[in-house]
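**Student:**
Chains as they are written, first to last, in our numbering: chain L, 27 to 303; chain D, 27 to 303.
(1) Between which two residues does the beta strand (DSSP E) carrying residue 237(L) extend?
(2) Which chain D residues sit within Cβ distance under 8 Å of residue 175(L)?
(3) Can you name, in chain order, every residue of its own chain whose Cβ lies under 6 Å from the Cβ of residue 210(D), other than the five neighbours on each side?
(4) When the Cα atoms are used, what is the spatial distance from residue 231(L) to residue 128(L)?
(5) Among residues of its own chain, excluding the 5 on either side of residue 59(L), which ones have a beta-carbon nearer than 8 Å to its beta-carbon?
(6) Give a yes or no on whether the minimum CB-CB distance between residue 158(L) and chain D is below 7 Å.
(7) Pull up the distance between the alpha-carbon of residue 45(L) and that of residue 161(D), whole angstroms please.
(8) Quick check on this structure: which residue in 253(D), 157(D), 282(D) and 120(D) has the alpha carbon closest to the alpha carbon of residue 166(D)?
(9) Going straight from the alpha carbon of residue 26(D) to that of residue 170(L), what length do you get?
(10) Can you tell me whether DSSP reads residue 231(L) as helix, strand or coil?
(11) Any contact of the region 290 to 297 of chain D with the region 68 to 80 of chain D, i.e. 3+ C-beta pairs under 8 Å?
(12) Could you name the residues of chain D that residue 196(L) contacts, counting a contact when the two beta carbons are closer than 8 Å?
(13) Taking its Cβ as the centre, do 16 or more other Cβ atoms sit within 10 Å of residue 286(D), making it buried, or is it exposed?
(14) Report the option in 29(D), 175(D) and 159(D) whose CA atom is closest to the CA atom of residue 168(D).
(15) Within 7 Å (strictly less), CB to CB, does residue 73(D) reach chain L?
(16) Quick check: is the beta carbon of residue 39(D) nearer than 7 Å to any beta carbon in chain A?
(17) Name, going along the chain, the residues of the region 271 to 282 of chain L whose beta-carbon falls closer than 7 Å to a beta-carbon of chain D.
(18) How about residue 145(L): is its C-beta nearer than 7 Å to some C-beta of chain D?
(19) Cβ closer than 9 Å: which chain L residues qualify as neighbours of residue 154(D)?
(20) Check whether the Cβ atoms of residue 121(L) and residue 97(L) sit closer than 7 Å, and answer yes or no.
(21) Looking at chain D, which residues of the region 75 to 101 of chain L have a Cβ within less than 8 Å of any of its Cβ atoms?
(22) What do you get for residue 55(L), buried or exposed, if any count of 16 or more other CB atoms within 10 angstroms of its CB means buried?
(23) Give a yes or no on whether 7 Å exceeds the smallest Cβ distance from residue 222(L) to chain D.
(24) So, do the region 250 to 259 of chain L and the region 62 to 76 of chain L have three or more beta carbon pairs nearer to each other than 8 Å?
(25) Could you tell me if residue 90(D) is buried or exposed, where buried requires 16 or more neighbouring beta carbons within 10 angstroms of its beta carbon?
(26) Residues of chain D with a CB under 7 Å from the CB of residue 108(L): which are they?
(27) Would you call the CB atoms of residue 63(L) and residue 38(L) closer than 7 Å?
(28) For residue 38(L), which beta-bridge partners are listed by DSSP?
(29) How many Å lie between residue 146(L) and residue 251(D) at the Cα?
(30) Grab me the residues of residue 116(D)'s own chain with a C-beta within less than 7 Å of its C-beta, minus the 5 sequence neighbours each way, in chain order.
(31) Can you look up residue 300(D) in the DSSP assignment and give me helix, strand or coil?
(32) Drop a sphere of 10 angstroms on the beta-carbon of residue 273(D), count the other beta-carbons inside from all chains shown, and report buried for 16 or more, exposed for fewer.
(33) With 16 as the cutoff for other CB atoms within 10 Å, does residue 114(D) come out buried or exposed?
(34) Can you tell me whether residue 112(L) is buried or exposed, with buried defined as 16 or more other CB within 10 angstroms of its CB?
(35) Between the C-alpha atoms of residue 180(L) and residue 204(D), what's the straight-line distance to the nearest angstrom?
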């Protein structure tokens, strides 16, 4: 008996979602994973809801074709605008996004009820974090700040240094000024965990920092358990993690290593065309 | 007699090409323009040559449908990998890219034969600037530096300030160290002219700075003249510049204003779907 040995599908617009995969793999060592980065069309963060929904449907269709037992949307923008579309389309396969876990963790962490969320422009404009937080605590005050430059800094591997520190001060300084400042900061973009040290340096030690990669891994573990979907160990046949990208396996491997926290062999990244899938 | 009053088509992956449109409009006040930003699929700079060629063909097909007399590829990445494909496909309509004009200006500016080019990753990897420079001066030494973070800084409107200055020092400092340093810097991405002041502050006054938007406008003026395509004044019927975008006219108008150097009314930006065009 090895439980449900089918892999878990993880989907992102690019490589940032590898921070979620990293947290998943650390928490769920018995599971296998199929990761798809839609690198030909990244970033999603500046695109409209309709466009992102269409892209997310195409991308996750490929994962379903790989026989996954669950889909994790490791992309805040896609979680914000496409979660319900995907849940309806792929029912009964469970689809889990990163917004609700991050929002829950933010609500659990705050003492003064004031929560700051940093994300891409698309996520902020969609307001999904604010809605998810208010569903759990209707008197919470949510301040949202788009941080597009953080995405580029993370992809360049500038996890610290003067440009990253100056950007963090520019974005975060004003957020935490004054007597009514938030006491909690939710990293609402999967790129941002790699900048956590610089962000911590900027905001100080008093602010609770919520990493939605970690909180999503907890939610996935719970859903596997409650759905009877957990694996009890893979057989060793085949790789534990398979990677698909819609463009440039070379760049996926190189930049992805920053987010996964270990090297990725370019030959392990399979190029796919979603429009033909 | 008003010469050839058909508009000039200008195409970019997004809004950065508006620096080229700005230079064109300033130099050619008699001309009308149709600008298309493929914002649904930006950035091109991290995508493969095959993908960019396919996107560029779709995008310019729309411009041809608008009756343009010439196509300007106001995008370094697309110029680098798709110029010849577009020239063949749309012959006899002239297609002009931004690489050759920038390379020519770099060769004209250098005294010591050493030229630095900063661009997106895609442009650098393609090596088009180095090839174009060597065609004109085979003993030139070309140093290329990808500057992806500059793209995000420009789009955020951080044309100066500590994060932009620190990024410029990170990228450019090492390029101009030592006795064999280049004496010329080509801005090989249409986003970069808006960062010119910070770049100048970083490299000092001794280095020649080549803005390929300006040099492309000169090349277009020459091609209009030699091809008998110049307008002798538009009639006033219709707008001088029409804007098309493949996603989010709101963002196009807001971010585009940084690059065009004047405000853009969101209602003047027409949303188009290239896959249906």
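Ideal Cβ placement from N, Cα and C applies to all residues, glycine included.
**Tutor:** For this structure:
(1) Its beta strand (DSSP E) spans residues 234 to 237.
(2) Correct list: 175, 178, 179, 182, 184 and 189.
(3) In chain order, 132, 135, 136, 141 and 234 place their CB closer than 6 Å to the CB of residue 210(D), counting only its own chain and leaving out the 5 sequence neighbours on each side.
(4) Rounded to the nearest angstrom, the two C-alpha atoms are 20 Å apart.
(5) Result list for residue 59(L): 33, 34, 35, 36, 47, 50, 51, 266, 267 and 268, in chain order.
(6) With 7 Å as the cut-off, residue 158(L) does not count as an interface residue toward chain D.
(7) Distance between the alpha carbons of residue 45(L) and residue 161(D): 44 Å.
(8) Taking only the C-alpha atoms, the option nearest residue 166(D) is 157(D).
(9) No information on residue 26(D) is available, as it lies outside the stretch 27 to 303 that chain D covers here.
(10) Assignment of residue 231(L) by DSSP, reduced to helix, strand and coil, places it in the coil class.
(11) Contact fails: fewer than three Cβ-Cβ distances are below 8 Å.
(12) Chain-order list of chain D residues neighbouring residue 196(L): 184, 187, 188 and 189, by C-beta distance under 8 Å.
(13) In summary, residue 286(D) is buried, with 16 or more beta-carbon neighbours lying within 10 Å of its beta-carbon over all protein chains present.
(14) Nearest C-alpha to residue 168(D): 159(D).
(15) Nearest CB-CB separation between residue 73(D) and chain L: below the 7 Å threshold.
(16) Given the protein chain composition of this structure (L and D), no chain A is represented.
(17) Answer set for the region 271 to 282 of chain L: 273, 274 and 277.
(18) It does not; no Cβ of chain D falls within 7 Å.
(19) Near residue 154(D) there are no residues of chain L at all, since even the closest Cβ is about 17 Å away, more than 9 Å.
(20) By the CB criterion at 7 Å, residue 121(L) and residue 97(L) fall inside the cutoff.
(21) Result list: 77.
(22) A residue is called buried once 16 or more other Cβ atoms fall within 10 Å of its Cβ, and residue 55(L), having fewer, is exposed.
(23) With 7 Å as the cut-off, residue 222(L) does not count as an interface residue toward chain D.
(24) Not touching, per the Cβ criterion.
(25) Burial call: exposed.
(26) Near residue 108(L) there are no residues of chain D at all, since even the closest Cβ is about 15 Å away, more than 7 Å.
(27) Their beta carbons are under 7 Å apart, which means residue 63(L) touches residue 38(L) by this criterion.
(28) Looking at the DSSP assignment, residue 38(L) forms a beta bridge with 63(L).
(29) Each residue's alpha carbon lies about 45 Å from the other.
(30) Result list for residue 116(D): 86, 90 and 97, in chain order.
(31) If DSSP states are grouped into helix, strand and coil, residue 300(D) belongs with coil.
(32) Looking at its Cβ environment, which holds 16 or more other Cβ atoms inside 10 Å, residue 273(D) is buried.
(33) The residue in question, residue 114(D), is exposed, as its Cβ has fewer than 16 Cβ neighbours within 10 Å.
(34) Residue 112(L) sits buried, since 16 or more C-beta atoms from the chains shown fall within 10 Å of its C-beta.
(35) Straight-line Cα distance between these residues: approximately 30 Å.
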